[in-house]
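Report on the structure given below.
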Amino acid sequence: MIREDGIRCNAWRRAGGMSASDISVQLTDNNILCHLNHYGDPLPATHAQYSSTESLTYGNISPFISTTAGALQRFSSPGLNICFPAFITALQFATANFTTRGFIFYAYLITLGKKAIPLVQFSEEVRELQLYHHYLPYHREGEVVAKIVIPSQQIEKGEEYDGPAAIRDLRTGKIPSPLQTIPNSGYAAPDIYCNIREIV
Amino acid sequence: MLGLSGATLQRLGDAYEGYAAASGIALRQEQGTKERDPIWAEKELLMGSCYVIAAIYRSLLDPGAAIPLFGIAAGVYRRRGNSFWKPLAICGLNREWLFGQEAGRVEASPQEFFYELLRQYYLFNSGDENALGRMLEHAATSPALIAQSVGNPTVRLQEYIAFIRGDIDKVYYKGNAAEDGNRAWVAALRVLLQRTAEQLQLAQSNRFQWTNEIGLLPFEPDILATLLGFCIRIRNRGEIRAFVEEEEARHDGSALFLVRLALGMIAASR
Numbered sequence: 001m002i003r004e005d006g007i008r009c010n011a012w013r014r015a016g017g018m019s020a021s022d023i024s025v026q027l028t029d030n031n032i033l034c035h036l037n038h039y040g041d042p043l044p045a046t047h048a049q050y051s052s053t054e055s056l057t058y059g060n061i062s063p064f065i066s067t068t069a070g071a072l073q074r075f076s077s078p079g080l081n082i083c084f085p086a087f088i089t090a091l092q093f094a095t096a097n098f099t100t101r102g103f104i105f106y107a108y109l110i111t112l113g114k115k116a117i118p119l120v121q122f123s124e125e126v127r128e129l130q131l132y133h134h135y136l137p138y139h140r141e142g143e144v145v146a147k148i149v150i151p152s153q154q155i156e157k158g159e160e161y162d163g164p165a166a167i168r169d170l171r172t173g174k175i176p177s178p179l180q181t182i183p184n185s186g187y188a189a190p191d192i193y194c195n196i197r198e199i200v
Numbered sequence: 201m202l203g204l205s206g207a208t209l210q211r212l213g214d215a216y217e218g219y220a221a222a223s224g225i226a227l228r229q230e231q232g233t234k235e236r237d238p239i240w241a242e243k244e245l246l247m248g249s250c251y252v253i254a255a256i257y258r259s260l261l262d263p264g265a266a267i268p269l270f271g272i273a274a275g276v277y278r279r280r281g282n283s284f285w286k287p288l289a290i291c292g293l294n295r296e297w298l299f300g301q302e303a304g305r306v307e308a309s310p311q312e313f314f315y316e317l318l319r320q321y322y323l324f325n326s327g328d329e330n331a332l333g334r335m336l337e338h339a340a341t342s343p344a345l346i347a348q349s350v351g352n353p354t355v356r357l358q359e360y361i362a363f364i365r366g367d368i369d370k371v372y373y374k375g376n377a378a379e380d381g382n383r384a385w386v387a388a389l390r391v392l393l394q395r396t397a398e399q400l401q402l403a404q405s406n407r408f409q410w411t412n413e414i415g416l417l418p419f420e421p422d423i424l425a426t427l428l429g430f431c432i433r434i435r436n437r438g439e440i441r442a443f444v445e446e447e448e449a450r451h452d453g454s455a456l457f458l459v460r461l462a463l464g465m466i467a468a469s470r
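As you go down the protein sequences, you meet chains A and B in turn. Under the working numbering, the first residue of the first sequence is numbered 1, with each subsequent residue one higher. Under the working numbering, the first residue of the second sequence is numbered 201, with each subsequent residue one higher.
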């Protein structure tokens with residue numbers, strides 16, 4: 001996953017692939033709102049991908065990939081005082097609340113500073129109120145949404161954690177160590193592509 | 201509790217408390233060299249935040265276990281000059297810190313005014329007798345101020361004022377429970393609990409996060425601190441218990457867990 005395919009969305013994994021036309025059909029305002037606000041809700045019987053034999057949610061068929069979800073940063077906002085550390089949130093997701101093994105991926109995404117839902121190469125800053133004016137009930141999840149696939153070149157490494165061991169470490173006041181770290185030799189660090197010129 | 205498993209709440213409490221403790225060790229090693237760095241300050245607040253989250257999870261299982269965690273968090277926010285320390289110190293039942301604080305000028309900011317109001321309400325009858333009265337008087341002549349929403353969940357300041365004034369004024373109706381004024385605090389408390397219930401229902405409607413028990417915050421400390429201000433006075437405890445029974449009879453009890461929590465914390469602190 002890290003060195004070859006990258007991280008693929010659920011829609012891709014379910015269908016076993018997506019054509020260019022599938023992608024353009026899937027990247028819509030409505031689908032991103034379903035991803036954000038109805039991720040765990042079952043598909044209604046009227047939905048094109050509804051299945052009577054399988055219990056599917058909007059999350060199961062989403063062309064989007066949530067990243068950093070739950071990593072709320074809000075000290076700078078007056079009156080908003082509680083902040084979740086990204087590492088613990090990621091660990092909770094990866095290890096099903098410290099009960100299984102799981103991976104945390106370190107990657108970067110490219111955003112445009114504007115809403116660009118049809119453009120697969122740019123991710124969406126969906127919690128940025130200047131860009132997303134819709135009422136989002138679960139606004140507390142700081143989140144950047146990737147589309148279809150996070151290319152392997154943008155993934156720096158993956159770290160595998162053992163959930164029960166991680167909670168044992170935390171109980172003794174220790175930051176958990178990964179069981180293994182898988183570096184990506186094909187990683188393209190963003191610094192060299194950054195278009196901000198340094199002061200000469 | 202609230203449909204969350206006890207084992208998960210225990211793990212989450214452990215995780216956030218452990219992460220806070222580990223962050224504290226790392227920060228102490230950098231102290232002196234990086235203390236003035238704004239990133240260091242943010243990291244310290246993040247540590248305080250983890251103590252708050254741990255306290256919230258712990259409180260649902262064992263109200264007494266949450267008190268020292270709220271206290272540690274209050275210390276961190278206080279050190280960083282963030283006035284959120286006041287409701288946290290109330291939740292930590294830390295009268296000493298709340299006392300040893302000069303009443304600052306807070307009229308310009310509704311949020312600062314709110315936190316100071318909570319502090320003075322908690323200390324009412326045990327410190328500067330007139331401080332709370334002065335704040336209520338200022339609020340009575342400042343319609344723009346009390347129309348502002350404060351805290352989390354956001355509630356208009358006037359609802360808090362109505363609740364606090366209702367509590368304080370009821371001593372004048374003592375012995376005459378039939379008078380309307382004796383129960384003015386009940387209407388205001390229903391509004392505060394309604395907001396708490398809405399916040400909880402919103403969290404529960406986030407089906408994926410709620411069923412996986414990730415990133416949850418079933419309540420925040422502001423309304424708990426208000427309830428502690430009410431319940432800390434012995435004369436109010438019988439009335440609040442009667443209120444809980446009444447609300448249960450009305451089948452309107454989704455946020456009553458917070459009242460029980462306040463009573464549980466006070467009982468555990470004795």
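Cβ atoms here follow ideal geometry from the backbone N, Cα and C, with glycine treated the same way.
Count the other CB atoms, across all protein chains shown, that sit within 10 Å of the CB of residue i; report buried if there are 16 or more and exposed otherwise.
i	result
GLU4/A	exposed
MET201/B	exposed
CYS291/B	buried
ALA45/A	exposed
TYR135/A	exposed
LYS114/A	exposed
LEU260/B	buried
VAL25/A	exposed
ILE196/A	exposed
THR426/B	buried
THR411/B	exposed
LYS160/B	Residue 160/B cannot be examined here, being either before or after the span of chain B that is shown, 201 to 470.
SER76/A	Any reading at SER76/A must be qualified, since the residue scores a pLDDT of 48, below 50, and its modelled position is unreliable; no value is offered.
LEU298/B	buried
PRO183/A	exposed
GLU54/A	exposed
ILE272/B	buried
ALA146/A	buried
THR396/B	buried
With DSSP as the reference, label residue i as helix, strand or coil.
i	result
SER76/A	Interpretation of SER76/A is limited by its pLDDT of 48, a score under 50 that renders its predicted location unreliable; the figure taken from the coordinates is listed afterwards. Residue state, collapsed to three classes: coil.
PHE324/B	coil
GLN180/A	strand
ALA45/A	coil
PHE64/A	strand
VAL391/B	helix
ARG197/A	coil
ILE7/A	strand
ARG450/B	coil
LEU249/B	According to the sequence displayed, residue 249/B carries Ser and not Leu. It is helical.
ARG356/B	strand
SER52/A	coil
By alpha-carbon positions, which one of the options ends up nearest to residue i?
i	options	result
ILE267/B	LEU424/B, ARG435/B and PHE443/B	LEU424/B
GLN394/B	VAL355/B, GLU230/B, GLN231/B and GLN348/B	VAL355/B
LEU227/B	ASN330/B, ALA467/B and GLY248/B	GLY248/B
LEU36/A	SER185/A, ASN60/A, SER51/A and ILE23/A	ASN60/A
TYR257/B	GLU230/B, TYR216/B and ASN294/B	TYR216/B
LEU402/B	VAL391/B, LEU417/B and LEU392/B	LEU417/B
SER309/B	ARG279/B, LEU332/B, SER326/B and ALA347/B	ALA347/B
ARG127/A	PRO137/A, ALA107/A and SER55/A	PRO137/A
GLU420/B	GLY186/A, LEU179/A, CYS194/A and ASN81/A	ASN81/A
SER123/A	ARG101/A, GLU156/A and VAL149/A	VAL149/A
HIS90/A	TRP12/A, THR67/A, ILE110/A and THR100/A	Here residue 90/A turns out to be Ala, not His, going by the sequence shown. Comparing Cα-Cα distances from ALA90/A to each of TRP12/A, THR67/A, ILE110/A and THR100/A, the minimum goes to THR67/A.
GLU244/B	PRO263/B, VAL276/B, ALA254/B and GLU302/B	VAL276/B
GLU296/B	LEU323/B, ASN282/B and PHE284/B	LEU323/B
LEU293/B	VAL306/B, PRO263/B and GLN404/B	PRO263/B
GLY173/A	GLY224/B, ALA362/B and ARG305/B	GLY224/B
ASN406/B	ARG13/A, SER152/A, ASP41/A and ALA166/A	ASP41/A
THR208/B	GLU413/B, GLY464/B and HIS451/B	GLU413/B
ILE364/B	ALA331/B, TYR321/B and GLY351/B	TYR321/B
PHE105/A	LEU27/A, VAL120/A and PHE93/A	PHE93/A
ILE88/A	ILE2/A, ILE7/A and ILE167/A	ILE167/A
> In chain order, which alpha helix (DSSP H) runs of at least 4 residues are fully inside the region 291-323 of chain B?
Replying inline: Secondary structure within the region 291-323 of chain B: the alpha helix (DSSP H) runs of 4 or more consecutive residues, fully enclosed, are 295-299 and 310-323 (chain order).
>> What are the residues in the region 80-98 of chain A lying within 9 Å of chain B by C-beta distance?
In response: Correct list: LEU80, ASN81, ILE82, CYS83, PHE84, PRO85, PHE87, ILE88, THR89, LEU91, GLN92, PHE93, ALA96, ASN97 and PHE98.
>> Tell me which residues of the region 201-212 of chain B have at least one Cβ-Cβ distance to chain A shorter than 8 Å, keeping chain order.
In response: Near chain A, meaning a CB-to-CB distance below 8 Å, the residues of the region 201-212 of chain B are THR208, ARG211 and LEU212.
> Going along the region 407-426 of chain B in order, which residues come within less than 9 Å of chain A, judged by CB to CB distance?
Replying inline: Along the region 407-426 of chain B, the positions whose C-beta sits under 9 Å from a C-beta of chain A are ARG407, PHE408, GLN409, TRP410, THR411, ASN412, GLU413, ILE414, GLY415, LEU417, GLU420 and PRO421, read in chain order.
>> Taking beta-carbon pairs under 8 Å, can you tell me which members of the region 231-250 of chain B lie near chain A?
In response: For the region 231-250 of chain B, the set of residues with a beta-carbon nearer than 8 Å to any beta-carbon of chain A comprises GLU242, LEU245, LEU246, SER249 and CYS250, in chain order.
> Got a sec: which bits of the region 160-171 of chain A sit with their beta carbon under 7 Å from any beta carbon on chain B, in order along the chain?
Replying inline: Only those residues of the region 160-171 of chain A whose C-beta falls short of 7 Å from the nearest C-beta of chain B are listed: ILE167, LEU170 and ARG171.
> In chain order, what residues of the region 51-68 of chain A put their CB closer than 9 Å to some CB of chain B?
Replying inline: Residues are counted here when their Cβ sits less than 9 Å from a Cβ of chain B; for the region 51-68 of chain A these are THR57 and GLY59, given in chain order.
> If you measure beta-carbon to beta-carbon, which residues of the region 275-286 of chain B are closer than 8 Å to chain A?
Replying inline: Cβ proximity to chain A below 8 Å picks out TYR277, ASN282 and PHE284 from the region 275-286 of chain B.
>> For a minimum of 3 consecutive residues, which ranges assigned as the beta strand (DSSP E) are wholly contained in the region 89-177 of chain A?
In response: Entirely contained in the region 89-177 of chain A, the beta strand (DSSP E) runs reaching 3 residues are, in chain order, 101-107, 144-147 and 155-162.
> Taking any Cβ of chain B, which residues in the region 24-41 of chain A have a Cβ under 9 Å from it, in chain order?
Replying inline: Answer set for the region 24-41 of chain A: ASN37, HIS38, TYR39, GLY40 and ASP41.
>> Under 8 Å, CB to CB, which of the residues in the region 173-197 of chain A have a partner in chain B?
In response: Within the region 173-197 of chain A, the qualifying residues are GLY173, LYS174 and ILE175.
>> At 4 residues or longer, what runs of the alpha helix (DSSP H) sit wholly inside the region 414-441 of chain B?
In response: Segments of the alpha helix (DSSP H) lying fully in the region 414-441 of chain B: 421-431.
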